[in-house]
Amino acid sequence: MKLECVTHEFKPIYNEESRILMLGTMPSPKSREAGFYYGHPCNRFWRVVSDVCEEELPVTKEDKIAFALRNRIAVWDVLAGCEIRGAQDSSIRNPVPNDLNIILKNSCVKVIFTTGTKAAQLYKKYCCQDTGIEALSLPSTSPANCRMGYRELYEAYAVIREYL
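The working numbering numbers the first residue of the sequence shown as 1332 and each following residue consecutively.
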């Protein structure tokens, strides 16, 4: 599989009451196909975050947006574009970061979480100096992170409750 030039096409989810920002790396091919964040049917992001917030799993795009806003969670990705091979974060070349100040200047976000090692690395390299906020790294909810069971993910993500 060859490198493909990908541009991020989803609007960030946030409003002026958002308190935390959850950042992935870049939408996967399945997410781009579904037209929304963490769109792979086996991605555990929406399940774990809704469980941590003690709410029912949001199913539709509209339900997920309402859930995030109701719980003061902003969702976006570190990158606005890059070259990538499929969903392989390790293959990312020529990354172009998103301007996270779009959210930070128009919300109450004080804490940033990255969802996965690559998102954490890219945030630290391309965004942290600009935002002035150190990100807290959470494990990836991707099906590629099959070594981490659901209970471990839940326990790791439970930290977000402190900031909501």
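Glycine included, C-beta positions come from ideal geometry on N, C-alpha and C. Since we're looking at a predicted model, the values are computed, not measured.
Residue j beta carbon less than 8 Å from that of residue i
i, j, result
"proline 1343", "isoleucine 1433", "yes"
"arginine 1350", "valine 1440", "yes"
"threonine 1462", "leucine 1495", "no"
"leucine 1410", "leucine 1352", "no"
Residue from the options whose Cα sits closest to the Cα of residue i
i, options, result
"leucine 1431", "Ala1489, Ser1359 and Cys1459", "Cys1459"
"isoleucine 1491", "Pro1428, Met1357, Arg1403 and Thr1356", "Arg1403"
"proline 1470", "Thr1462, Lys1361 and Met1479", "Met1479"
"leucine 1334", "Arg1424, Glu1348, Cys1477 and Ala1487", "Arg1424"
"glutamine 1419", "Asn1429, Glu1493, Glu1486 and Lys1361", "Lys1361"
Nearest-angstrom beta carbon gap, residue j and residue i [assumed within contact, 8 Å]
i, j, result
"lysine 1395", "tryptophan 1377", "6 Å"
"valine 1337", "leucine 1484", "Rounded, the Cβ-Cβ distance is 26 Å, inconsistent with contact."
"isoleucine 1464", "leucine 1354", "With 8 Å as the limit, isoleucine 1464 and leucine 1354 do not qualify as a contact, their Cβ atoms being about 11 Å apart."
"alanine 1466", "threonine 1445", "5 Å"
"serine 1438", "tyrosine 1345", "5 Å"
Buried or exposed by the 16-neighbour rule on C-beta atoms within 10 Å, applied to residue i
i, result
"alanine 1397", "exposed"
"threonine 1472", "buried"
"asparagine 1374", "buried"
"serine 1277", "An answer regarding residue 1277 cannot be provided, because it is not within the stretch 1332 to 1495 covered by the chain."
"lysine 1322", "This structure gives no information on residue 1322, because the portion of the chain shown stretches from 1332 to 1495."
"methionine 1332", "exposed"
Touch check for the segment 1383-1394 and the segment 1414-1421: three-plus C-beta pairs under 8 Å? Taking a contact to require three or more Cβ pairs closer than 8 Å, the segment 1383-1394 and the segment 1414-1421 do not qualify as touching.
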